[in-house]
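K.L.:
Residue numbers (this note's numbering): 4 to 184. Just so it is clear, CB atoms sit at the ideal spot from N, CA and C, and this is done for glycine as well.
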Amino acid sequence: MIRYHDEEWGAPVHDDRRLFEFLIFESAQAGLSWATILRKRAAYRRAFDGFDPARVARFSARRVRRLLGDASIVRNRAKIEAAVANARAWLAVQREHGSVDAWIWRYVAGAPRQNAWTSRRRVPAVTDAARALSRDLKGRGFRFVGPTICYAFMQATGMVNDHTTDCFRWRQVRRLARRGP
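Here's what the structure looks like:
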């Protein structure tokens, strides 16, 4: 958890495959602890073919059944089937917009929102931007993408900087955001 926070969480992500990976992780995490998902990260990468959305979109019912027997990942049928459906919807967004990155970052006007929270208690669980993203994703056929999951995704991928101002990463992430994609 510390390494993830110190090296990854909140840094802007503009690679479509990495964005897809984060969306699947955030969806899988619903109702579970983030630590559980992080411990299973390598297994998820193997099980979901390196998070290649084109490959995941072709997963058959047989492949889903096999994943349900894989104890190294969260064996929840709805979440696994959502990952496959989300891969198909992801590809549709890529076809329509050229990349998911170009499309999804418009929810923060193309640049990370730089919050200045002084306490973790002040960090919201959801925002209007996350609600709008959730509605749009659901309208495009995505599943397990409620507003709270969308905001966690936005935080993880650096669309918003929700490190508190006393955290060393707050300044680092601000600098990363200024560099751009």
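1) I'd like to know whether the C-beta atoms of Val111 and Ser30 end up nearer to each other than 8 Å.
2) Around the C-beta of Thr39, are 16 or more other C-beta atoms found within 10 angstroms, so that it is buried, or is it exposed?
3) Give a yes or no on contact between the segment 106-123 and the segment 76-95, applying the rule of three or more CB pairs nearer than 8 Å.
4) Rounded to a whole number of angstroms, what is the C-alpha to C-alpha distance between Ile107 and Arg98?
5) Buried or exposed, going by whether 16 or more other CB atoms sit within 10 Å of the CB of Gly161?
6) Count the other CB atoms within 10 Å of the CB of Ile83; is the residue buried (16 or more) or exposed (fewer)?
7) Give the C-beta separation of Ile27 and Phe54 to the nearest angstrom, bearing in mind that I take them to be a contact with Cβ-Cβ under 8 Å.
8) Quick one: residues in its chain with C-beta nearer than 7 Å to the C-beta of Ala186, no 5 flanking neighbours on either side, listed in chain order?
9) State the Cα-Cα distance for the pair Gly144 and Phe171, rounded to the nearest angstrom.
10) With distances taken from CA atoms, which of Asp165, Asp139, Val103, Gly101 is nearest Pro127?
11) Given a cut-off of 8 Å on the beta-carbon distance, is the pair Leu22 and Asp104 in contact?
12) Can you give, in chain order, each stretch of the beta strand (DSSP E) that sits fully within the segment 148-174 and has at least 3 residues?
13) Per DSSP, Arg116 forms a beta bridge with which residues?
14) In angstroms, rounded to a whole number, what distance separates the CA positions of Val176 and Arg109?
15) Going by the CB atoms, is the gap between Asp52 and Arg44 shorter than 8 Å?
16) Extract the residue ranges of the alpha helix (DSSP H) inside the segment 87-146, only unbroken runs of 4 or more that lie entirely within it.
17) In chain order, what residues of the same chain lie with their CB nearer than 7 Å to the CB of Leu70, ignoring the 5 residues before and after it?
P.N.:
In this structure, then:
1) By 1-based counting over the sequence shown, the position of residue 111 is 108. By 1-based counting over the sequence shown, the position of residue 30 is 27. Taking 8 Å as the Cβ cut-off, Val111 and Ser30 do not qualify as a contacting pair.
2) As a first step, residue 39 is located in the sequence shown; it is residue number 36 there, counting from the start. Exposed, because fewer than 16 other Cβ atoms sit within 10 Å of the Cβ of Thr39.
3) no
4) Working through the sequence shown from its first residue, we reach residue 107 at position 104. Working through the sequence shown from its first residue, we reach residue 98 at position 95. Between Ile107 and Arg98, the C-alpha separation is close to 14 Å.
5) Here residue 161 refers to the residue found at position 158 of the sequence shown. Burial call: buried.
6) Taking the sequence shown and counting its residues from 1, one reaches residue 83 at position 80. Classification of Ile83: buried, given that the 10 Å Cβ count is 16 or more.
7) For the purposes of this step, residue 27 is identified with residue 24 of the sequence shown, where counting begins at 1. For the purposes of this step, residue 54 is identified with residue 51 of the sequence shown, where counting begins at 1. About 6 Å; that satisfies the 8 Å criterion.
8) The chain is shown only over 4 to 184; residue 186 falls outside these bounds and no answer can be derived.
9) Here residue 144 refers to the residue found at position 141 when the sequence shown is read from its first residue. Here residue 171 refers to the residue found at position 168 when the sequence shown is read from its first residue. So the alpha carbons of these two residues sit roughly 38 Å apart.
10) Walking along the sequence shown from the start, residue 127 turns up at place 124. The candidate whose alpha carbon is nearest that of Pro127 is Asp165.
11) Locating residue 22 in the sequence shown gives position 19, where the first residue counts as 1. Locating residue 104 in the sequence shown gives position 101, where the first residue counts as 1. Judged by beta-carbon spacing, Asp104 lies within the 8 Å limit of Leu22, meaning their Cβ atoms are closer than that value.
12) Whole beta strand (DSSP E) segments, 3+ residues: zero.
13) Locating residue 116 in the sequence shown gives position 113, counting from the first residue. Partner(s): Val163.
14) Numbered from its first residue, the sequence shown carries residue 176 at position 173. Numbered from its first residue, the sequence shown carries residue 109 at position 106. Taking the straight line joining both Cα atoms gives about 19 Å.
15) Along the sequence shown, read from residue 1 onward, the residue named residue 44 stands at position 41. Along the sequence shown, read from residue 1 onward, the residue named residue 52 stands at position 49. Between Arg44 and Asp52, the C-beta spacing is not below 8 Å.
16) 103-107, 131-142
17) Within the sequence shown, the letter at position 67 stands for residue 70. Same-chain partners within the cutoff: Ala50, Ile76, Ile83.
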